[in-house]
Amino acid sequence: MPTDVLPRAQHDKLANAIRTLAMDAVEKAKSGHPGMPMGTADIATVLFSRFMKFDAAHPTWPDRDRFVLSAGHGSMLVYALLYLTGAPEMTLDEIKNFRQLGSKTPGHPENFITKGVETTTGPLGQGIATAVGMALAEKMLAAEFGRKAVDHYTYVIASDGDLMEGISQEAIAMAGHWKLNKLIVLFDDNDISIDGPLSIADSVDQVKRFQAAGWRAERVDGHDPEAIGAAIERAQKSGKPSLIACKTVIGYGAPKKAGTSKAHGEPLGADELKAAKEKLGISPEPFAVAPDVLEAWRKIGARGAAARKTWESLFGTLPPKKQAEFNRRLTHERPAKLAKALAAHKKALLATPQHIATRKSSELAIEAIVPAMPEFLAGSADLTGSNNTKAKSAVAFSAKNPKGRYIHYGIREHGMAAAMNGIALHGGFAPNGATFLVFTDYCRPAMRLSALMGTGVVYVMTHDSIGLGEDGPTHQPVEHVAALRAMPNMRVFRPCDAVEVAECWELALNRIDGPTTLALTRQNLAQLRTEVKANRSAAGAYELFKAEGGKAQVTLFATGSEVEVAVGARKLLAEKGIIARVVSVPSLDLFLEQSAEIRETVIGDAPVKVAIEAGVRMGWDAVIGHDGIFVGMTGFGASAPYKELYKHFGITPEATAEAILARIG
399 MPTDVLPRAQ HDKLANAIRT LAMDAVEKAK SGHPGMPMGT ADIATVLFSR FMKFDAAHPT
459 WPDRDRFVLS AGHGSMLVYA LLYLTGAPEM TLDEIKNFRQ LGSKTPGHPE NFITKGVETT
519 TGPLGQGIAT AVGMALAEKM LAAEFGRKAV DHYTYVIASD GDLMEGISQE AIAMAGHWKL
579 NKLIVLFDDN DISIDGPLSI ADSVDQVKRF QAAGWRAERV DGHDPEAIGA AIERAQKSGK
639 PSLIACKTVI GYGAPKKAGT SKAHGEPLGA DELKAAKEKL GISPEPFAVA PDVLEAWRKI
699 GARGAAARKT WESLFGTLPP KKQAEFNRRL THERPAKLAK ALAAHKKALL ATPQHIATRK
759 SSELAIEAIV PAMPEFLAGS ADLTGSNNTK AKSAVAFSAK NPKGRYIHYG IREHGMAAAM
819 NGIALHGGFA PNGATFLVFT DYCRPAMRLS ALMGTGVVYV MTHDSIGLGE DGPTHQPVEH
879 VAALRAMPNM RVFRPCDAVE VAECWELALN RIDGPTTLAL TRQNLAQLRT EVKANRSAAG
939 AYELFKAEGG KAQVTLFATG SEVEVAVGAR KLLAEKGIIA RVVSVPSLDL FLEQSAEIRE
999 TVIGDAPVKV AIEAGVRMGW DAVIGHDGIF VGMTGFGASA PYKELYKHFG ITPEATAEAI
1059 LARIG
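Sequence positions in the sequence shown follow this note's numbering and run 399 to 1063.
And the structure:
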């Protein structure tokens, strides 16, 4: 419930504390964005003093309200709020070290650096889209565990730039369709971007746009505390997500630069800073916050302790098993049943080998996972029948059925990826989402944030090569696996058969400190593995077929569908008296992370090293050397049945053997 309205004079003092810290920090750093915190200080003061349910001393308690600063360039807003409300790690020295190496106040908010920051923001549009995932997780978790355990809002402060980015349309369309009524976006409607007045590039009526997407939306004066508070109260009572467009002045209080792009991305300068403080009635001393103002803010930060203790009492009335399950889910601890279920699934594969596409093998693995892992949350960007991510028992999530555990994201790959980050950050679910591998181009900014933040999201990317066939080069990924491998902390798997698929799913679901991409085929593949005692994919690469009849003259390294090609080439070479071994490389990037000893053992010392992958060569020289043989793609694909394409591009056992024989001479 909202608290009492602050007297205007008191409100102004609290808001000006945010402004002075923002102005001074940017000035000291000689870098940053002072205008946005100055312009939104009134909004933030109303939100935190009257509505936000949080406990500054315990920034991660489960039922806190989430606050997302989507306009991450205005990071001093959230740092000022953390300091003023008493977050233990946000000291005044950290504020003074804004944007300096090793500080907890980096240029844009980073959730892995600063406690109290819910998600990394900065790339515009990502914050609001991630917040949709948080609000979605809240709705689903409340439906499952009840309002005694889960009953909180997700608040966002977003800028013009956030709403101009295309991902925002995907995000607001999903939120409106799902009726995420506990999502409230406060729009910093200041009509300014870096280039100047917004009118030079944009004339969208954002209120009408959000209303068209199924939101409740209204405009208020962003410097009128009572109007802002009344709008938030109306939003809390709505059955829809809400946009409150708060008309503000960027750089509020700066005599010359307020309302101009000069207040956006550069320090005010000594003279303008001094004049702004005089106009606002702020002490000229840098970083000065009056004791009574700091005390008032600290009381706001401590007030949430009562709400946290009330929640703890209510939560304590739930059955012990439900409490334990909730805590397990929120800490991303995997259920003991998962390992047993996958072990049984792999044994079943040995008993009945499968000759199917790895996307279909993935579906079989999912069928085994779902009964053992209630937090498993699958979805697809409109390609459910092609991606094979929906278990037979899975029920679709909808506004009317929040207990559904399959998400139809629509044709919104970017929005899906960002929402999954929000789901993972909120806690309670293990999200995975699917599309075609080539469309990771549409997901990439959110995937990069997954890797940066270390969210345990799984990307199920099917139709992984020219092997998809007739759809042609627009849909055939050739550079995408290499590009994803190049992304730090992104783990990429391209399994060769049903057993490796199960192993890769096991590794993906047990990885909670970073994302995983599963690249899966459309075409059928033989099951090559004949034992499952250990998860051999865990090292990234392993010897699948040993050299027979002597020392290996050739080592064939391959991934996914091309492991079959390597096995065929080995047979042809044997007929010519050439001894070869085959190494399956389900994850090249994971393999390259192994110790030098492990890498050397797997790579071996065969004089001829060959990599086979229906993609570009990039990355493979680390295994085969610059003089190794690469059998793969050097350009884009073509439209034809996949077997013809493999022959046309020379990715066959015969072409591989010929290249090796020519080298051996």
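All C-beta atoms in this analysis are idealised placements derived from N, C-alpha and C, irrespective of residue type, glycine included.
Since the structure is predicted, the reported quantities are computational estimates derived from the model, not experimental observations.
Between ARG883 and the ligand MN, is the CB less than 7 Å from at least one heavy atom? In the structure shown, the ligand MN is absent, as is every other ligand, since no ligand is present at all.
Using DSSP bridges, identify the partner residues of ALA556. Looking at the DSSP assignment, ALA556 forms a beta bridge with PHE585.
Measure the Cβ-Cβ separation of LEU916 and CYS894 and say whether it is below 8 Å. no
DSSP-derived helix/strand/coil call for THR1032: coil
Determine which residues share a DSSP beta bridge with SER778 and list them. HIS806, ALA832
Coil, strand or helix - ILE1049 by DSSP: coil
Per DSSP, what kind of secondary structure is ALA442 in: helix, strand or coil? helix
In DSSP terms, what PHE943 is bridged to: For PHE943, which the question treats as bridged, DSSP gives the partners VAL980.
Could you spell out the range, first to last residue, of the beta strand (DSSP E) harbouring GLU516? Looking at the DSSP string, GLU516 is not in any beta strand (DSSP E), and its letter there is neither H nor E.
Along the chain, where does the beta strand (DSSP E) that runs through CYS377 open and close? With the chain represented from 399 up to 1063, any question about residue 377 goes unanswered, as that position is not in the structure.
Tell me which residue opens and which closes the alpha helix (DSSP H) that ARG696 is part of. 689–713
Nearest CA to the CA of ARG696: which residue from GLN874, THR483, THR919, ARG497? THR483
Report the partner residues of PHE891 according to the DSSP bridge assignment. LEU916
Which same chain residues, not among the five before or five after PHE1047, have their C-beta less than 6 Å away from its C-beta? Excluding five sequence positions before and after PHE1047, none of the CB atoms of its chain fall closer than 6 Å to its own CB.
Using only CA atoms, which one of ASP780, ILE821, PRO829 lies nearest to TYR807? Closest by alpha carbon: ASP780.
Tell me THR953's beta-bridge partners as DSSP assigns them. ARG979, LYS1007
Which whole-angstrom value is the C-beta distance of ALA815 and GLY831, which I expect to be below 8 Å? 7 Å
With a cut-off of 8 Å, do at least 3 Cβ pairs link the stretch 846–856 to the stretch 794–808? no
Beta-carbon proximity check, SER566 vs ALA527, cutoff 8 Å: A contact, by the Cβ cut-off of 8 Å.
ILE754 - DSSP class collapsed to helix/strand/coil: Three-state result, ILE754: strand.
Exposed unless 16 or more other CB atoms sit within 10 angstroms - verdict on PRO486: Counting of Cβ neighbours within 10 angstroms places PRO486 among the exposed residues, the total staying below 16.
In the DSSP assignment, find the beta strand (DSSP E) that holds ALA924 and state where it starts and stops. No beta strand (DSSP E) contains ALA924, which DSSP labels as neither H nor E.
Whole-angstrom distance between THR914 and LEU847, CA atom to CA atom: 13 Å
Look at the Cβ atom of ALA1020, then the Cβ atom of ALA978, and state whether they are nearer than 8 Å. no
In this structure, does DSSP put ARG732 in helix, strand or coil? Secondary structure of ARG732 (DSSP, three-state): coil.
In the DSSP assignment, find the beta strand (DSSP E) that holds ARG909 and state where it starts and stops. Element bounds for ARG909: n/a, residue is neither H nor E.
For GLY472, which option in ALA423, ALA766, LEU581, VAL793 has the closest C-alpha, if you only look at C-alpha atoms? ALA423
With DSSP as the reference, label SER591 as helix, strand or coil. strand
Reduced DSSP secondary structure (H/G/I, E/B, other) of ILE1027: strand
Along the alpha helix (DSSP H) that carries ASP619, what are the first and last residues, could you check? Where ASP619 is concerned, there is no enclosing alpha helix (DSSP H), although the beta strand (DSSP E) it sits in stretches over 614–619.
Where ASP549 and LEU736 are concerned, what is the direct C-alpha to C-alpha distance, given to the nearest angstrom? 29 Å
Using the beta-carbon count (16 or more within 10 Å), is PHE449 buried or exposed? Label assigned to PHE449: buried.
Quick one: grab the DSSP three-state call for VAL858. strand
Can you confirm whether the stretch 537–546 touches the stretch 779–794 when touching is taken to mean that 3 or more C-beta pairs between the two stretches lie within less than 8 Å? Segment contact: the stretch 779–794 against the stretch 537–546, fewer than three CB-CB distances shorter than 8 Å; contact not assigned.
Mark ALA742 as exposed unless 16 or more other C-beta atoms lie within 10 angstroms of its C-beta, in which case mark it buried. So ALA742 counts as exposed.
Going by beta carbon distance, what residues of the same chain come within less than 8 Å of ASN933, once the five residues before and after it are set aside? Closer than 8 Å at Cβ, skipping near neighbours: GLU901, GLU904, LEU905.
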